[in-house]
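What follows is a single structure, written as structure tokens, with notes after it.
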Amino acid sequence: MFIYIKHADNQQFLANTNCPMALLLQYMRAKMGLPDEELVDLCDDHGALKLLFLSQQPQESASRLLTARSALTFCIVNRNPKDGAYVSITPLVANPDPALLESMQTQTDILEQARLRQLRSQEECREIEALSLSQHTQTTKSRGRSVQMDVPDDEPSNRRTGGGRSKN
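With UniProt numbering, letter number 38 in the sequence shown gets 38, and the count goes up by one each step, no holes.
In structure tokens, the structure reads:
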């Protein structure tokens, strides 16, 4: 099947959705003359993003996320190159509806909040792992010391050999 992708001033092009998500995104960028690194997405008339750029399975068929024969608007996802923060989402149409722009800003805020939550979660996991590793290392070291104090290497005559009986 196919979808209509709206852009510029009432222009549109067709895209086949019976292909992997990565291929559809690549085709969209090429059609618009954008570099491969550019994050792009589609949104419906209400401004709901399809979040194609966040797909965990880029080889999954685009038809699973996109309704056949629907008209979607081409969007660019703008991120801060320094920290990866979501800055804005820009629909590439002439004179976008103010409600569409408001929806895009709301979704930008939601994406950024989710990114920050994920970063905090990853930091907490690293801290827990570091603490666990540190405690494990300290326990291992203290066990090693106690064994060394019980059986000193420099006094072999104090060691017990054999049973409790003497050989006389």
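Backbone N, C-alpha and C define an ideal beta-carbon position, used for all residues, glycine too.
#1: Report the three-state DSSP secondary structure of R69 (helix, strand or coil).
#2: What residue range does the alpha helix (DSSP H) around Q26 cover?
#3: For F13 versus A68, is the C-beta spacing smaller than 8 Å?
#4: Among the residues of its own chain, which have a CB less than 8 Å from the CB of L72, if the five just before and after it don't count?
#5: Cα separation between V147 and N80?
#6: Q57: which of V40, L23, P98 and S132 sits nearest, CA to CA?
#7: What is the DSSP secondary structure of P91, counted as helix, strand or coil?
On the basis of the supplied data:
#1: Counting from 1 along the sequence shown, the entry for residue 69 is found at position 69. If DSSP states are grouped into helix, strand and coil, R69 belongs with coil.
#2: Counted from its first residue, the sequence shown places residue 26 at position 26. Here the alpha helix (DSSP H) through Q26 covers M21 to M32.
#3: Position 13 of the sequence shown, counted from the start, is the residue given in the question as residue 13. Position 68 of the sequence shown, counted from the start, is the residue given in the question as residue 68. Taking 8 Å as the cut-off, the beta carbon of F13 is found no closer than this to the beta carbon of A68.
#4: The residue given as residue 72 occupies position 72 in the sequence shown. Within the same chain, L72 has close Cβ partners I3, Y4, I5, K6, L42, C43, D44, K50 and L66.
#5: One-based indexing of the sequence shown puts residue 147 at position 147. One-based indexing of the sequence shown puts residue 80 at position 80. Per-residue confidence for V147 stands at a pLDDT of 47, beneath the threshold of 50, marking its modelled position as unreliable; the derived number appears in the next sentence. When rounded, the distance between both Cα atoms is 55 Å.
#6: Counting from 1 along the sequence shown, the entry for residue 57 is found at position 57. Relative to the Cα of Q57, the nearest Cα in the group V40, L23, P98 and S132 belongs to L23.
#7: For the purposes of this step, residue 91 is taken as residue 91 along the sequence shown, with counting starting at 1. DSSP places P91 in strand when its eight states are reduced to three.
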